[in-house]
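As structure tokens, the structure follows; a few thoughts come after it.
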Amino acid sequence: MKNTVFKGMATAIVTPMKADKSVDFDALGRLIDFQIESGIHALVAVGTTGESATLEPWEQKEVIRFTVQRVAGRVPVVAGTGTNNTLHVLEYVKNACEVGADAILVVTPYYNKATQNGLIAHYTAVADLSTVPVILYNVPGRTGCNLLPQTVAKLAEHPNIVGIKEAAGNMSQVVELMALCGDKIDIYSGEDALNVPIMAMGGMGAISVLSNVIPGKASQMAEAALAGDFQKAAALQCETLPLIKALFSEVNPIPAKAAVAAMGFGEENLRMPLTPMESATRAKLYEEMRKQGIEV
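Position 22, counted from 1, in the sequence shown is what numbering that gives the first Met the number 0 calls 21; the numbers after and before it change by one each time, with no gaps.
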């Protein structure tokens, strides 16, 4: 088995922004500290939840650099470096490696998509270039492109491809993935509602939106599952499900940013085309946060 980047719960952390939509590094630093002090096992900078799609390349690099420096080795830092242009991805990979990321997370190309052979070529180019481990990211609901288990099995032969964030929302695909290459690659849940089921199948942990809000409880869920205490893990999964639903009641990261802003980590500023939460979904989100003991 290849070296594991992390075990447990990783937060796909939001990128707080000021009123002028520039990155709020003070709020980001406080959020990073809160996450680590709450027991989170890893952080993912400039992923989807970090609004990577609307951050300029130089901003992505600076957010990753800042995150690495603020974390200071306390937990692994995974950098989101995916987009739909392979040449751009390679540039982002260079930047992330240069500023000290421990691993990179690379989503399948969106909009123009790719054939399965194209995905193999894309990820092979990335893995050949990267000086740190590569985690694949499959989220067909956003990309319109499904990274099939058979393709992952081929990619898993590459020594630098060590994991996959699986967010297809299809447990039968997870089972097939585990059967084909679970001994060659670490599988992480990318669907908060399926964190425990995927870990019960042998998953190494999760890359989570939920843990932005309740990192302590999310980490406990992963720790229980990885220790084989599925009664406790399942109870935590069920207990947090209403909050998970509220966090995905509008497109991610709109609710996640509203939640962390309400917790005091910056303001609720997003870059268009994302816009602030609507009143009905916001009220439900805040209600579920209060049920978790969070003052909003």
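C-beta: ideal position from N, C-alpha, C; glycine also.
Just so we're clear, the structure is a prediction, and the values are computed from it rather than from any experiment.
Checking the sheet assignment: what are the DSSP bridge partners for ASP191? One-based indexing of the sequence shown puts residue 191 at position 192. Note: ASP191 sits in no beta bridge, so no partner.
Distance, GLY201 Cα to TYR91 Cα: Taking the first residue of the sequence shown as position 1, residue 91 is located at position 92. Taking the first residue of the sequence shown as position 1, residue 201 is located at position 202. TYR91 and GLY201 have their alpha carbons spaced roughly 31 Å apart.
Limits of the beta strand (DSSP E) - the one that LYS183 falls within: Numbered from its first residue, the sequence shown carries residue 183 at position 184. From DSSP, LYS183 is part of no beta strand (DSSP E); its letter is neither H nor E.
8 Å CB neighbourhood of LYS93 in its chain, flanking five on each side removed: Along the sequence shown, read from residue 1 onward, the residue named residue 93 stands at position 94. Taken in chain order, the residues that qualify are LEU128.
Quick one: give me the first and last residue of the beta strand (DSSP E) that THR10 is part of. Taking the sequence shown and counting its residues from 1, the one referred to as residue 10 is at position 11. Here the beta strand (DSSP E) through THR10 covers 7-11.
Where ILE160 and ASN169 are concerned, what is the direct C-alpha to C-alpha distance, given to the nearest angstrom? Counting from one through the sequence shown, the residue named residue 160 turns up at place 161. Counting from one through the sequence shown, the residue named residue 169 turns up at place 170. Using only the alpha carbons, I get a separation of about 22 Å.
Top-ranked residue by Cα proximity to LYS216, from LYS1, VAL4, MET8, THR3: Counted from its first residue, the sequence shown places residue 216 at position 217. Nearest option by C-alpha distance: MET8.
Three-state class that DSSP yields for MET276 in the structure shown: Start at 1 with the first residue of the sequence shown, and residue 276 comes out as number 277. Three-state DSSP puts MET276 in coil, outside helix and strand.
Among LYS60, GLY189, GLU277, which has the Cα closest to the Cα of PRO257? Residue 257 sits at position 258 when you count from the first residue of the sequence shown. The residue asked about is misnamed: residue 257 is Ala in this sequence, not Pro. Closest option to ALA257, judged by alpha-carbon separation, among LYS60, GLY189, GLU277: GLU277.
Continuous beta strand (DSSP E) assignments of at least 3 residues falling wholly in the segment 10-84: The segment 10-84 contains, as complete beta strand (DSSP E) runs of 3+ residues, the segments 41-44, 76-79 (chain order).
Less than 8 Å between the beta carbons of VAL98 and LYS60, yes or no? In the sequence shown, the residue the question calls residue 98 occupies position 99. In the sequence shown, the residue the question calls residue 60 occupies position 61. Yes, Cβ-Cβ distance for VAL98 and LYS60 is below 8 Å.
How would you write the range of the alpha helix (DSSP H) that TYR110 sits in, first residue to last? Along the sequence shown, one-based indexing puts residue 110 at 111. Segment: none, TYR110 is in no alpha helix (DSSP H) and carries neither H nor E.
Rounded C-beta distance between ALA261 and VAL295? I'm assuming under 8 Å. Taking the sequence shown and counting its residues from 1, one reaches residue 261 at position 262. Taking the sequence shown and counting its residues from 1, one reaches residue 295 at position 296. Rounded, the Cβ-Cβ distance is 4 Å, consistent with contact.
With a threshold of 16 other CB atoms inside 10 Å of the CB of ASN137, please say whether the residue is buried or exposed. In the sequence shown, counting from the first residue as 1, residue 137 sits at position 138. With 16 or more other Cβ atoms within 10 Å, it is buried.
C-beta contact flag for ALA120 and VAL67 at 8 Å: Position 121 of the sequence shown holds residue 120. Position 68 of the sequence shown holds residue 67. Going by C-beta atoms, ALA120 is not nearer than 8 Å to VAL67.
In this structure, what does DSSP give as the bridge partners for TYR136? On the sequence shown, position 137 is the one that residue 136 refers to. Answer is VAL106, LYS164.
Consult DSSP for SER207 and reduce its assignment to one of helix, strand or coil. Here residue 207 corresponds to residue number 208 of the sequence shown, with the count starting at 1. If DSSP states are grouped into helix, strand and coil, SER207 belongs with the strands.
Sheet register partners of GLU266 (DSSP bridge): Translated into the one-based positions of the sequence shown, residue 266 becomes position 267. Per DSSP, MET16.
By a C-beta neighbour count over all protein chains shown, 10 Å radius and 16 as the cutoff for buried, is ARG281 buried or exposed? Counting from 1 along the sequence shown, the entry for residue 281 is found at position 282. Buried.
From which residue to which residue does the alpha helix (DSSP H) around GLY245 run? Start at 1 with the first residue of the sequence shown, and residue 245 comes out as number 246. Per the sequence shown, residue 245 should be read as Ala rather than Gly. Per DSSP, ALA245 belongs to the alpha helix (DSSP H) from 229-246.
Going by beta carbon distance, what residues of the same chain come within less than 6 Å of LEU27, once the five residues before and after it are set aside? Taking the first residue of the sequence shown as position 1, residue 27 is located at position 28. Within the same chain, LEU27 has close Cβ partners PRO15.
Assuming the contact rule is C-beta atoms closer than 8 Å, GLY46 and ALA102 should be a hit. Round their C-beta distance to whole Å, please. On the sequence shown, residue 46 is found 47 positions in, with the first residue counted as 1. On the sequence shown, residue 102 is found 103 positions in, with the first residue counted as 1. Contact doesn't hold; Cβ gap of about 12 Å is too wide.
N-terminal and C-terminal residue of the alpha helix (DSSP H) that THR123 is part of: As a position in the sequence shown, residue 123 is number 124, starting the count at 1. Residues 115-128.
Taking the alpha carbon of GLU55 as the point to measure from, which residue in VAL77, ARG289, THR82, ASP185 has its own alpha carbon closest? Numbered from its first residue, the sequence shown carries residue 55 at position 56. Ranking the options by Cα distance to GLU55, first place goes to THR82.
Environment of CYS180 [buried if 16+ CB atoms lie within 10 Å]: Translated into positions along the sequence shown, residue 180 becomes position 181. Classification of CYS180: buried, given that the 10 Å Cβ count is 16 or more.
Just the C-alpha distance for VAL88 and ALA95, rounded to the nearest angstrom, thanks. The residue labelled residue 88 in the question sits at position 89 within the sequence shown. The residue labelled residue 95 in the question sits at position 96 within the sequence shown. Computed Cα separation, rounded: 10 Å.
Using CA coordinates, which residue listed in VAL131, ALA71, ARG64, LEU235 is at the minimum distance from ASN2? In the sequence shown, counting from the first residue as 1, residue 2 sits at position 3. Answer by Cα proximity: VAL131.
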